[in-house]
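Inspection log for the structure reproduced underneath, given as structure tokens.
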Amino acid sequence: MSEPPKKPDDLPDQGLQDLSKDFLDLWQQQLTSVAGDQQLVELMARTVELMNSGASAYAGAVQSAMMRAQTSEATARDGGQDTRNGPTGTGAPGAAAAGPAHGAAEPDLAELEGRLAALEKRIAALEKSSRGDGGKPKGGGKRRKS
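Take the sequence shown: its position 43, counting from 1, is numbered 42 in numbering that gives the first Met the number 0, and each next residue is one higher.
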């Protein structure tokens, strides 16, 4: 049994459907081959673990910076007196602060800032070279500072 002739309007949709089916078939083949490669699976697991530990270290650094900022603000607001142990500052001291997480070093925020600046320069250079218009930004040449 043959298919009825397709109308011209149906051709683009059929082409997209064929393309999407081919893409999904290739994607499934890729995932199947990756799952069968034990070394690659282990490498991917270690990579995800490293990304998670980096995110945890960053979150810890941000939290620490926020705590220091809040403490500085509170000390300045209270006339330079530390009132964390009660309103008069005479309360019994609480438990010692928890130490850093195992394996996490205190991040050097200045180094992080320098590395971010270097990355921004590299991205700007890549954007400039990919524009092909001499690197002139669109929209009047104004660049917002963050």
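Using N, Cα and C, we set each Cβ at its ideal position, and we do this for glycine too.
Between the C-alpha atoms of T31 and A109 there is a straight-line separation of about 44 Å. In this structure L25 is not in contact with V33, their Cβ atoms being roughly 12 Å apart against a cut-off of 8 Å. DSSP, read as helix, strand or coil, puts G113 in helix. DSSP places G53 within a helical segment (H, G or I) once states are collapsed to three.
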